[in-house]
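In the numbering used here, the protein residues as written are 65 to 731.
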C-alpha cells in the first residue's frame with residue numbers, strides 16, 4: 065500500500081510538470097528527489113515521446129538532470145528558444161556544471177556568427193557563473209541594447225539576472241540614456257534599468273538626472289529621493305559651478321540645462337526656496353531652461369506661487385510669472401488660480417516693472433483667458449502719465465515700454481556666433497536719450513484706420529489676406545510706416561497736423577530723399593526705432609545670440625518662424641515676451657527701423673548724432689526675422705536690408721518715440 069501511494073504521488077508530480085509555472089519548477093523537482101525510483105522511468109518515456117522543442121521536453125530534461133548529466137547538452141541547446149522564466153530556471157539547474165559550461169560560453173561569445181540575442185542569453189548564464197570573464201567587454205553593449213528593446217513587463221527579470229555584472233552595464237546604458245537620436249521609449253527603459261542598478265549609487269543618479277528628459281527624470285527621482293543626503297552635494301555642486309564662457313554656445317547650453325535639471329531635482333527633494341535667487345542670475349540660459357522645466361519635470365505649481373508671493377525682486381517675479389504659464393489647466397485647475405488671479409490683475413495695474421507687466425499680459429491674456437479684464441485696465445490707464453512706471457498706455461490703447469537710462473551696451477555679434485555676418489561687427493554704444501517702444505507690432509486693425517483716414521496712401525495689401533485683425537500689418541513700405549507714425553502722433557495729440565516741429569514731417573513730405581531737421585531725435589512724435597534702440601530693447605541686457613540664450617529648441621516659445629508658423633503670421637503678443645516685456649521681437653514680421661547707423665565717437669564708445677539732420681537712402685534696415693525665415697535669421701544682431709519704397713509681405717513695424725524726461729511722469 066505504501067509503495068502504491070509513493071508511485072501514485074510520483075505520477076502526479078510528473079503529470080504536473082507541464083502545467084506548473086516556471087518559477088515553481090525547482091520546488092516541484094525537489095519534491096521528486098525521494099521518488100526518483102518511481103518517477104525516472106516515466107520521465108525517460110516522456111523524453112522519448114515529446115518533441116525536442118516542446119515545453120514538456122524542456123521540463124522533463126530539467127527533472128532528469130540531477131541523475132542524468134547527458135541532459136546538459138540538451139538543455140544548453142534550448143538556450144535560444146526558452147522564455148526568460150525558463151532561462152532563469154535552467155541557469156540555476158545548470159550551475160553545478162559551470163566549470164564545464166564557462167569555456168563553452170566564452171568561446172561562443174567570441175564567434176562572429178553569433179547574433180546579439182544569442183550573446184545575451186549566453187551572457188545570462190555567464191553572469192551567474194563567471195562575472196569576471198574577460199569576454200564581458202565584448203557583449204555589454206549588446207545586453208544594454210537588448211534591455212531597451214525588451215518588453216517592459218519582463219525587463220525586471222532580465223535586469224535582475226544581470227545584477228552580478230551591473231557595474232559593467234552602467235556605461236553602455238548611460239550612453240543610451242543620453243542619446244537624443246534614440247526613441248524616447250528606449251531612453252526611458254535605460255533609465256529604468258539604471259534606477260534598478262543605481263540603488264546605492266547616489267552620485268551616478270545625481271549626475272544622470274542632470275541630463276534626464278521628463279519621463280527619465282520621473283523614473284530616477286524616487287530612487288534619488290532614497291539617497292537624498294548623498295545626492296544633494298552633487299546637485300548643489302553642479303548648480304553652483306559657473307558657465308564656461310569661453311566654451312561653445314552648445315556647451316554653454318548643455319551646462320545650463322544640467323544646472324536647470326539640478327535645480328528641479330533640488331526642488332523635488334525639498335529645497336523649495338531656491339527659485340528666486342536662480343532667476344536673479346544675469347545669464348539668461350539657466351532662467352529660460354528652468355522656466356520651461358518646472359512644469360514638465362513635475363515641480364508643483366504651489367512652489368512657484370509661494371515664491372511669487374514672497375519675492376519682490378523684479379527679474380525673479382518676471383520669470384516666475386512666465387513659469388506659471390507652462391502649467392496646464394489639468395495640473396493647475398481654475399479653482400487653484402482663483403485666489404491668485406485678483407492679485408495678479410492688481411499687479412498688472414500697478415507694478416512699475418515693464419518685464420513683469422509683459423509677463424502678466426502673456427499669462428493672464430494668452431494662458432488664462434482674461435483679455436477683457438486686461439483691456440479694461442488698459443482703458444483706465446490710457447493717456448495717464450507714467451508716474452515712475454517703466455511702461456505707459458497711450459490714448460489709443462497701445463502699451464509702451466519706457467527706457468529712462470539706456471546707457472551703454474554692446475551691439476552686434478562675435479564671429480563665433482552661428483549665422484554671424486560681417487555687417488554685425490561688435491560695437492560699444494551709448495544711448496543718451498529717454499525713449500519708449502511699443503510692446504507689440506502695429507496690427508492690421510490699427511493700420512487700416514490710418515488707411516481709411518488717408519485714402520491718398522497707395523498701400524498694396526499682402527497677397528494672403530489676414531485671418532485676424534490683430535495680425536501685424538505687413539507689406540508696408542518704410543515711408544508708409546513713417547507716415548503712420550506721423551498720423552498716429554497727430555491722433556495722440558503729440559503734434560499738430562500742420563506742425564513742422566516734429567520728428568517726422570507732415571504726410572505729404574514723407575517720401576524718398578526727404579530730409580529731417582537737425583535735432584529731429586529730440587522732437588516730439590512717434591517714429592520708427594533707431595536700429596540700435598531696437599537691438600538694445602531686444603537684447604534686454606543679454607549678450608547671447610537671443611535674449612533667452614541660444615537654443616533653437618526654445619525658439620518656438622518666443623518667435624513665429626518657418627519652423628512653427630505654418631507659413632503665415634500670427635496675432636501679435638501670443639508668445640512669451642522678453643525681460644523688458646516686449647512681444648514678437650523675434651519672428652512674426654521683420655520690423656522697419658529708422659536708420660542706417662549714424663555714429664559719433666566719444667570716450668571710447670559711440671552715440672547717435674542727429675545734429676546734422678537726416679536723409680534717407682534707397683534702402684533701410686529691418687530687424688527681428690519673420691515667420692518665413694529660419695532660426696539663423698532670428699537673432700538679436702541680425703538685420704535685413706530692404707528697398708525703402710518697396711513693401712514686403714514679411715515686413716511690418718512697431719512704434720517708438722523720444723520722451724522728454726521732465727514731462728515723462730507729469731500729466
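Think of the CB as a built atom: it goes at the ideal place given N, C-alpha and C, for glycine as much as any other residue.
Quick check on the DSSP output: the beta strand (DSSP E) that includes residue i runs from which residue to which?
i	result
residue 471	471-475
residue 491	491-495
residue 457	455-457
Quick test of your reading: residue i and residue j, contact by CB under 8 Å. State the CB separation rounded to the nearest angstrom.
i	j	result
residue 625	residue 689	6 Å
residue 342	residue 299	That pair is no contact at about 13 Å.
residue 639	residue 621	6 Å
residue 184	residue 206	6 Å
residue 536	residue 716	4 Å
residue 99	residue 127	With 8 Å as the limit, residue 99 and residue 127 do not qualify as a contact, their Cβ atoms being about 11 Å apart.
residue 641	residue 455	At roughly 11 Å, the Cβ-Cβ gap does not stay under 8 Å, so residue 641 and residue 455 are not in contact.
residue 718	residue 703	So it is not a contact: roughly 15 Å between Cβ atoms.
residue 213	residue 191	With a Cβ gap of about 19 Å, residue 213 and residue 191 do not count as contacting.
residue 597	residue 495	7 Å
residue 169	residue 203	Wrong, their Cβ atoms sit about 10 Å apart, outside the cutoff.
residue 274	residue 351	That belief does not hold up - the Cβ atoms of residue 274 and residue 351 are roughly 17 Å apart, past 8 Å.
residue 332	residue 285	6 Å
Name the DSSP beta bridge partners of residue i, please?
i	result
residue 687	655 and 703
residue 500	466 and 721
residue 507	536
residue 715	654
residue 7	With the chain running from 65 to 731 in the structure shown, residue 7 is simply not present.
Alpha helix (DSSP H) containing residue i: first to last residue?
i	result
residue 522	Careful: residue 522 lies outside any alpha helix (DSSP H) and carries neither H nor E.
residue 598	595-603
residue 120	119-128
residue 621	Segment: none, residue 621 is in no alpha helix (DSSP H) and carries neither H nor E.
residue 202	200-213
residue 140	135-141
residue 734	Residue 734 falls outside the range modelled here, since the chain spans only 65 to 731, and no answer is possible.
residue 612	Here residue 612 belongs to no alpha helix (DSSP H), and DSSP marks it neither H nor E.
residue 626	No alpha helix (DSSP H) holds residue 626; DSSP gives it neither H nor E.
residue 220	216-225
residue 345	Unbroken run through residue 345: none, as it is neither H nor E.
residue 529	Looking at the DSSP string, residue 529 is not in any alpha helix (DSSP H), and its letter there is neither H nor E.
residue 309	Counting along the chain, residue 309 falls outside any alpha helix (DSSP H), and DSSP gives it neither H nor E.
residue 171	162-174
residue 154	148-157
residue 567	That residue, residue 567, is in no alpha helix (DSSP H); it is neither H nor E in DSSP.
Classify residue i: buried if its beta carbon has 16 or more other beta carbons within 10 angstroms, exposed otherwise.
i	result
residue 153	buried
residue 667	Bear in mind that a pLDDT of 49 at residue 667, under 50, signals an unreliable position, so the number given afterwards is only what the model happens to contain. That one is exposed.
residue 97	exposed
residue 377	exposed
residue 216	exposed
residue 809	The chain is shown only over 65 to 731; residue 809 falls outside these bounds and no answer can be derived.
residue 658	buried
residue 231	exposed
residue 615	buried
residue 264	exposed
residue 492	exposed
residue 322	buried
residue 133	exposed
residue 311	exposed
residue 553	buried
residue 181	exposed
residue 713	buried
residue 449	exposed
Could you check whether the Cβ of residue i sits closer than 7 Å to any heavy atom belonging to the ligand MN?
i	result
residue 497	The ligand MN is absent from the structure shown, which contains no ligand whatsoever.
If you measure from the beta carbon of residue i to each beta carbon in chain C, is any gap under 8 Å?
i	result
residue 224	Absent here is chain C; the protein component of the structure consists of one chain.
Does the count of Cβ pairs from the stretch 287-294 and the stretch 224-241 closer than 8 Å reach three?
Below 8 Å, too few C-beta pairs join the stretch 287-294 and the stretch 224-241 to call them touching: fewer than three.
Contact between the stretch 102-114 and the stretch 85-94 (3+ Cβ pairs under 8 Å):
Taking 8 Å as the limit for Cβ pairs, the verdict is that the stretch 85-94 does not touch the stretch 102-114.
Indicate whether the contact test is met: 3 or more Cβ pairs, each with one atom in the stretch 562-572 and one in the stretch 466-475, closer than 8 Å.
Judged by Cβ distances under 8 Å, the stretch 562-572 makes no contact with the stretch 466-475, as fewer than three pairs qualify.
Tell me whether the stretch 370-386 and the stretch 298-314 touch, counting them as touching only if at least three CB pairs, one residue from each stretch, are closer than 8 Å.
In short, these stretches do not touch, since the Cβ pair count stays below three.
Does the stretch 366-373 come within contact of the stretch 411-422, defined as at least 3 CB pairs closer than 8 Å?
No, they do not touch.
Between the stretch 477-491 and the stretch 499-511, do three or more beta carbon pairs fall short of 8 Å?
Taking one beta carbon from each stretch, the stretch 477-491 and the stretch 499-511 have fewer than 3 pairs nearer than 8 Å; the two do not touch.
Decide yes or no for the touch test of the stretch 689-698 against the stretch 506-517: beta carbon pairs closer than 8 Å, at least 3 of them.
Short answer: they don't touch.
Three or more C-beta pairs closer than 8 Å, one from the stretch 601-619 and one from the stretch 397-409: is that the case here?
Flag = no, the stretch 601-619 and the stretch 397-409 do not touch.
Is it true that the stretch 434-452 meets the stretch 537-549, where meeting means three or more beta-carbon pairs spaced less than 8 Å apart?
With the cut-off at 8 Å, the stretch 434-452 and the stretch 537-549 do not touch.
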